[in-house]
Structures are given as structure tokens and as C-alpha cells.
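Residue numbers (our numbering): 1 to 72.
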């Protein structure tokens, strides 16, 4: 039995994960290196979470930790 594609992410979830605005995410989604959407729905596109995470690991620099968020 097929279990499906796995976890999916839409623009809102990806923008939240990257810590950017949805407008900035739309710019990043046009980069040739950004993964292609898993599926295009009538109102939006969705990506496989594993593809997005792989892209983040390869192309995004780690974000600096705010002092308020630093472990004690």
C-alpha cells in the first residue's frame, strides 16, 4: 500500500521555516536551485518537506542565534 509523498509544505510553512516573509520566499522559489514543487494546486504550490530541507542544508547559511534564544 502506497503511503503517499510524505510531509508537504506550502509557501507559508516554508517562509516560516526560513524566517523570511512570504514575498521573500516567492523570490527564493524562483532560484534555479530551489526544488520544483511536488504539485501545483489551483490556489498554490506544495513542496516535499525533504526537498526543502535538503535545499536549506545545501544553500542557506545558519542563522545567528539571538542572545534571548541562546541556550543557558
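Every residue gets a Cβ at the ideal spot worked out from N, C-alpha and C, and that includes glycine.
Cβ-based burial, residue 54 [other Cβ within 10 Å; buried from 16]: Mapped onto the chain shown, residue 54 falls at position 54. By the 10 Å Cβ count, residue 54 comes out exposed.
The ligand FAD heavy atom lying under 7 angstroms from the CB of residue 43: Judged by which ligands are present, the structure shown has none, so any question about the ligand FAD falls away.
Bridge-paired residues (DSSP) for residue 58: Here the question's residue 58 lines up with position 58 in the chain shown. Answer by DSSP bridge pairing: none, since residue 58 is not bridged.
Run of the beta strand (DSSP E) containing residue 48, from where it starts to where it stops: On the chain shown, residue 48 is found 48 positions in, with the first residue counted as 1. Unbroken beta strand (DSSP E) run through residue 48: 45-48.
Coil, strand or helix - residue 39 by DSSP: Here residue 39 refers to the residue found at position 39 of the chain shown. Strand at residue 39.
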